[in-house]
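Accompanying notes for the structure given below.
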Amino acid sequence: MLKKAVGVEVHFPHSQLACWKCRAAPSDLPVCSRCGAVQDFPDGLSHYETLGLGPSLALNEEELRNHYYALCRELHPDQHIDKESRQSIYSLRWTTAINKAYQILRDPIQRSQYVLQLHQVDTAQLKPALPFKLAETYLDLQSDGPMGKEIFEDFKKEMLAEIVKNEQQWDPIARQFDSGVDRPSVLRQLAQYMANQKILSAMANDLNKRWKE
Amino acid sequence: MPILGIDLGTTNSLAGLIEKGRPRLCTGEDGSTLIPSVVSFDKDFHPCIGIDAKKALATESKRTLYSVKRFMGRGRADIVHWEQQLPFDLSPSDAHMVRFAIGEKTYTPIEISALILAKLKRLSEEQFGAKIDKAVITVPAYFNDAQRQATKFAGELAGLEVVRIINEPTAACLAYGLHKKATGTIAVFDLGGGTFDISILHVKQGVFEVLATNGDTALGGDDFDHEIALHLRTAIVETTGRDPWSSVETRTALLVESERIKRALTDAPEVCFSWNGFEKQVSRQQMDQWLVPILKRVEGPCNQCLSDAHLQKQQLSEVILVGGSTRMPFVQKYVRELFSKDPINTLNPDEVVAVGATVQANILSGQQGGMLLLDVIPLTLGIETIGGTTSAIIARNTTIPVSASQQFSTYVDGQTSVEIHVLQGERDLAQDNRSLARFQLKNLPPMPAGIPKIEVEFVIDANGILSVSASEQRSGQTASLTVNPSYGLSAEEVEKMLSEAYANAESDFDKRFLIESKTSGESLVRAARKSLKQGSHLIGQAERDNIERAIAELEAALSSSSDYKLIRKKIEHLEQSSRHFAELLINDAMASALKGKNLANPAEDP
Numbered sequence: 530m531l532k533k534a535v536g537v538e539v540h541f542p543h544s545q546l547a548c549w550k551c552r553a554a555p556s557d558l559p560v561c562s563r564c565g566a567v568q569d570f571p572d573g574l575s576h577y578e579t580l581g582l583g584p585s586l587a588l589n590e591e592e593l594r595n596h597y598y599a600l601c602r603e604l605h606p607d608q609h610i611d612k613e614s615r616q617s618i619y620s621l622r623w624t625t626a627i628n629k630a631y632q633i634l635r636d637p638i639q640r641s642q643y644v645l646q647l648h649q650v651d652t653a654q655l656k657p658a659l660p661f662k663l664a665e666t667y668l669d670l671q672s673d674g675p676m677g678k679e680i681f682e683d684f685k686k687e688m689l690a691e692i693v694k695n696e697q698q699w700d701p702i703a704r705q706f707d708s709g710v711d712r713p714s715v716l717r718q719l720a721q722y723m724a725n726q727k728i729l730s731a732m733a734n735d736l737n738k739r740w741k742e
Numbered sequence: 003m004p005i006l007g008i009d010l011g012t013t014n015s016l017a018g019l020i021e022k023g024r025p026r027l028c029t030g031e032d033g034s035t036l037i038p039s040v041v042s043f044d045k046d047f048h049p050c051i052g053i054d055a056k057k058a059l060a061t062e063s064k065r066t067l068y069s070v071k072r073f074m075g076r077g078r079a080d081i082v083h084w085e086q087q088l089p090f091d092l093s094p095s096d097a098h099m100v101r102f103a104i105g106e107k108t109y110t111p112i113e114i115s116a117l118i119l120a121k122l123k124r125l126s127e128e129q130f131g132a133k134i135d136k137a138v139i140t141v142p143a144y145f146n147d148a149q150r151q152a153t154k155f156a157g158e159l160a161g162l163e164v165v166r167i168i169n170e171p172t173a174a175c176l177a178y179g180l181h182k183k184a185t186g187t188i189a190v191f192d193l194g195g196g197t198f199d200i201s202i203l204h205v206k207q208g209v210f211e212v213l214a215t216n217g218d219t220a221l222g223g224d225d226f227d228h229e230i231a232l233h234l235r236t237a238i239v240e241t242t243g244r245d246p247w248s249s250v251e252t253r254t255a256l257l258v259e260s261e262r263i264k265r266a267l268t269d270a271p272e273v274c275f276s277w278n279g280f281e282k283q284v285s286r287q288q289m290d291q292w293l294v295p296i297l298k299r300v301e302g303p304c305n306q307c308l309s310d311a312h313l314q315k316q317q318l319s320e321v322i323l324v325g326g327s328t329r330m331p332f333v334q335k336y337v338r339e340l341f342s343k344d345p346i347n348t349l350n351p352d353e354v355v356a357v358g359a360t361v362q363a364n365i366l367s368g369q370q371g372g373m374l375l376l377d378v379i380p381l382t383l384g385i386e387t388i389g390g391t392t393s394a395i396i397a398r399n400t401t402i403p404v405s406a407s408q409q410f411s412t413y414v415d416g417q418t419s420v421e422i423h424v425l426q427g428e429r430d431l432a433q434d435n436r437s438l439a440r441f442q443l444k445n446l447p448p449m450p451a452g453i454p455k456i457e458v459e460f461v462i463d464a465n466g467i468l469s470v471s472a473s474e475q476r477s478g479q480t481a482s483l484t485v486n487p488s489y490g491l492s493a494e495e496v497e498k499m500l501s502e503a504y505a506n507a508e509s510d511f512d513k514r515f516l517i518e519s520k521t522s523g524e525s526l527v528r529a530a531r532k533s534l535k536q537g538s539h540l541i542g543q544a545e546r547d548n549i550e551r552a553i554a555e556l557e558a559a560l561s562s563s564s565d566y567k568l569i570r571k572k573i574e575h576l577e578q579s580s581r582h583f584a585e586l587l588i589n590d591a592m593a594s595a596l597k598g599k600n601l602a603n604p605a606e607d608p
């Protein structure tokens, strides 16, 4: 029922329980396909399962948004105001979880972090890999006094180029992840990407602050 | 029973509902949909609300309250910098809530807003012919929790269950979406009498998703008026030596005049300002110059909003103008330059927010299928942690409903309780943010510092109501509360205010209507009797009997009933029954007049 109403491809897990209203078992999630009643939000669903999505890393943001809107139109508490209070409560729980899942999955950085978490990859030990020259210049600039405008502008350009270069790594990694091939290696690459990205944005923030001073 | 959509504005208030798919707003005594948010008290403290109260602004400035919205949810300390501008008095007592002093009585902004809301309720019930006890009320998007709760409380005092508080720019977007099947990324620039909001929404297939919102709750047309008045005051002082600021009456009169000039300069390039013999030409160009520093204050919020929405201004598909102040050519030009885009102002900027409220009311009544609003919290929520800093738990512009939690621990060995201090705002230090509530998690078993695992969970439901709970994992101790700030009032005071308001509101209004209806009813009976006496030869027995019956019914209601609604009904019935007769009378009178004869001799008594 939800599939038709929502109009997008959805893959929700089944509930462990029977439908509270019509007793159909096992019940579909989030909505019973026999009687249309909203079911309770079960514990332990991943963000992907909450949105009825497969665990893909390379999500298209426009499609994801359409998907999210379709779910909201079906499940938002405002659409269940005059139903039994049980449905109101369940729709509130589902929508709260859907909002959180969407917030994480819509941003590629948070999505990547989440995927690494799901696969229990420890990122703490990783050392970021930066071009030696870039790191060297940065450290020099830290130790000297106020930097000249030209030097700063040059370095900023180099930094931005490096950030863009790193960002471009993400697409192929994501697509390889989705293909399922050589998963352990892909996860390592993803973790490395995240470590690099983290240090680069920290450096960029720091430079912006220093320049403002 | 329908849900009323209400725009409780700084300068004007409006209310209405959707009838047969179209928005319909109630009208005041002057036939306008804009009911001035002004309340004036006579010497017996009977309130007068709306257009009649507005007339008292210049003459009874100490007993007439306006722009009360600027005081909602604010304490005395919050308003120190513009207290000087006010013609009416503030009571010296309160730190948490502003109180207006009128004679020996004091009123809170909530009570004044409740009077306005009650009037809107009454007008709507009369004009739409339905009992109303639920409403959707709009607030500036940048209103904090205290300001929203104050608005909700005002609704309750007026006899309305406020089923939703909705943000004004979002409401405007809903109105625009109703008017034109909208799709795209829309910025709403809302500059009203007292507040400024900028919101950016993404609209697609009936879903209105707020991406980010920002603003300034103390910036609006009132500030323009004040700035103009200051410049005029300088000119007056320099030329005549007299200072209009020296008395409350002249200060208010100058503000009123400044507002008139501001509005006149929207259509004319120049107007003449005259003041007790002093005259000065004021040009639009000159006024625009004066106002630039004030309007510039919108830039910060606009840029921050774009940044929070992760957008560049080129990515916006539309910019919509809302609020009376956006009528000014200078504001429109500024917006055009700021966003490099021609803004849209096809909808009436004064009505658009109210229309949006009626749409949301309709959605919540289950009558508006196909439209859904996804709103956000405007300000970051957090708790106070060691060193007096704020630890954010839910970031601003997060879509609601939402829940989030964080883990904390103790800092002292053997600590048996922790205080949870809930804050709202963007600042780092707790003291710079708005305090929403405090509660304690008690009876923790003594443990070394840093060992307890205290999880604090924030939950905001679809209505924007915040609940906070805390639990210590090892011991299982829990504590929770639903955030309901009382702005310095005790529970007893709140209950007293509520019950007094219900009692007084009903009886005061009912009393006045009764008097009004009785007066109209009595004069109608006299007139009808007189006409029958003089013109009964114009109609048949059946019609005459009909009219006599209607007169009798009205007389009965007048003498025995204290229900003004019944009297009104009987008045209408008599008017209907005698309509045809009245027409005949008029025709006959005209015919006779032409022949030189009159129907009734004025010397005859009625």
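Just so you know, the protein sequences line up as chains A and B, in that order.
Numbers given in my numbering equal positions in the first sequence, counted from 1, plus 529.
Numbers given in my numbering equal positions in the second sequence, counted from 1, plus 2.
For glycine and all other residues, C-beta sits at the position ideal for the given N, C-alpha and C.
Small disclaimer: the values here were computed from a predicted structure and weren't measured.
**Item:** Local Cβ density within 10 Å of B:P351, reported as buried at 16 or more and exposed below that
**Value:** buried
**Request:** Kindly list the residues whose CB is nearer than 7 Å to the CB of B:L59, restricted to its own chain and excluding five residues on each side of it in sequence; keep chain order.
**Result:** V40, T66, Y68, T254, V258
**Request:** Note the first and the last residue of the continuous alpha helix (DSSP H) segment covering A:R622.
**Result:** 614–634
**Request:** Buried or exposed for B:T562, please, with buried defined as at least 16 other CB atoms from any protein chain shown within 10 angstroms of its CB.
**Result:** According to the sequence provided, residue 562 of chain B is Ser. The question's Thr does not apply to it. Classification of B:S562: exposed, given that the 10 Å Cβ count is below 16.
**Message:** Using beta carbons (cut-off 8 Å, strictly below), is B:G358 in contact with chain A?
**Reply:** no
**Prompt:** Can you tell me the Cα-Cα spacing of B:E240 and B:H233, whole angstroms?
**Reply:** 11 Å
**Item:** Proximal residues of chain A, C-beta to C-beta of B:L366 below 9 Å
**Value:** D607, I610
**Message:** With a threshold of 8 Å between beta-carbons, can B:A464 be considered close to chain A, or not?
**Reply:** yes
**chain A contact residues for B:P403, given Cβ-Cβ distances below 8 Å** = P606, L621, T624, T625, N628
**Asked** Can you name the residues of chain B whose CB is closer than 9 Å to the CB of A:Q616?
**Response** Under the 9 Å cutoff, chain B gives no residues; its nearest Cβ is about 13 Å from A:Q616.
**Prompt:** Touching or not, the stretch 304–313 of chain B and the stretch 151–163 of chain B, by the rule of three or more beta carbon pairs under 8 Å?
**Reply:** no
**Request:** From the DSSP output, in three-state form, read off B:P246 for me.
**Result:** helix
**Request:** Out of B:S579, B:S519, B:I202, B:Q475, state which residue places its alpha-carbon closest to the alpha-carbon of B:L318.
**Result:** B:I202
**Request:** Could you give the DSSP three-state label for A:W549: helix, strand or coil?
**Result:** coil
**Request:** Using the DSSP secondary-structure output, state which residues sit across from B:E272 in a beta bridge.
**Result:** B:S285
**Runs of beta strand (DSSP E) lying entirely within the stretch 272–352 of chain B, each at least 3 residues, in chain order** = 272–277, 280–285, 320–324
**Request:** Can you grab the Cα-Cα spacing for the pair B:D290 / B:L297, in whole Å?
**Result:** 10 Å
**Item:** Of the listed residues B:K22, B:R24, B:G23, B:L6, nearest to B:L16 (C-alpha basis)
**Value:** B:L6
**Prompt:** Between which two residues does the beta strand (DSSP E) carrying B:Q426 extend?
**Reply:** 420–426
**Message:** Quick check: is the beta carbon of B:V209 nearer than 8 Å to any beta carbon in chain A?
**Reply:** yes
**Prompt:** Would a check of beta-carbon distances place B:L376 closer than 8 Å to chain A?
**Reply:** yes
**Host alpha helix (DSSP H) of B:A174 (start-end)** = 170–181
**Request:** Buried or exposed for B:A432, please, with buried defined as at least 16 other CB atoms from any protein chain shown within 10 angstroms of its CB.
**Result:** buried
**Item:** Residues near B:F155 in its chain [Cβ-Cβ closer than 6 Å; skip 5 each side]
**Value:** I112
**Asked** When the Cα of B:R440 is compared with those of B:E421, B:I167, B:P448, B:E353, which residue comes out closest?
**Response** B:E421
**Entirely enclosed beta strand (DSSP E) segments - the stretch 9–36 of chain B, minimum 3 residues** = 14–21, 24–27
**Asked** Along the chain, which unbroken stretches of the beta strand (DSSP E) at least 3 residues long are found entirely within the stretch 354–410 of chain B?
**Response** 374–376, 383–387, 391–396, 404–410
**Request:** Select from A:C561, A:G573, A:K727 the residue whose C-alpha is nearest the C-alpha of A:K656.
**Result:** A:K727
**Prompt:** Going along chain B in order, which residues have a C-beta closer than 9 Å to the C-beta of A:Q726?
**Reply:** None at all; the shortest Cβ gap to chain B is about 17 Å.
**Message:** Looking at the strands, I want to know which residues DSSP matches up with B:E459.
**Reply:** B:S407, B:S471
**Where B:E128 falls, given that 16 or more other Cβ within 10 Å makes a residue buried** = exposed
**Message:** So, at 7 Å on beta carbons, what are the nonlocal neighbours of B:E62 in its own chain, with the 5 sequence-adjacent residues on each side left out?
**Reply:** S42
**Asked** Which stretch, first to last residue, makes up the alpha helix (DSSP H) that contains B:K57?
**Response** 53–57
**Request:** Look at the Cβ atom of A:I702, then the Cβ atom of A:V693, and state whether they are nearer than 8 Å.
**Result:** no
**Residue span of the alpha helix (DSSP H) that contains A:H576, given as start and end** = 576–579
**Request:** Go through its chain and collect everything with a Cβ distance to B:D430's Cβ below 7 Å, but skip five positions before and after it.
**Result:** T391, T392
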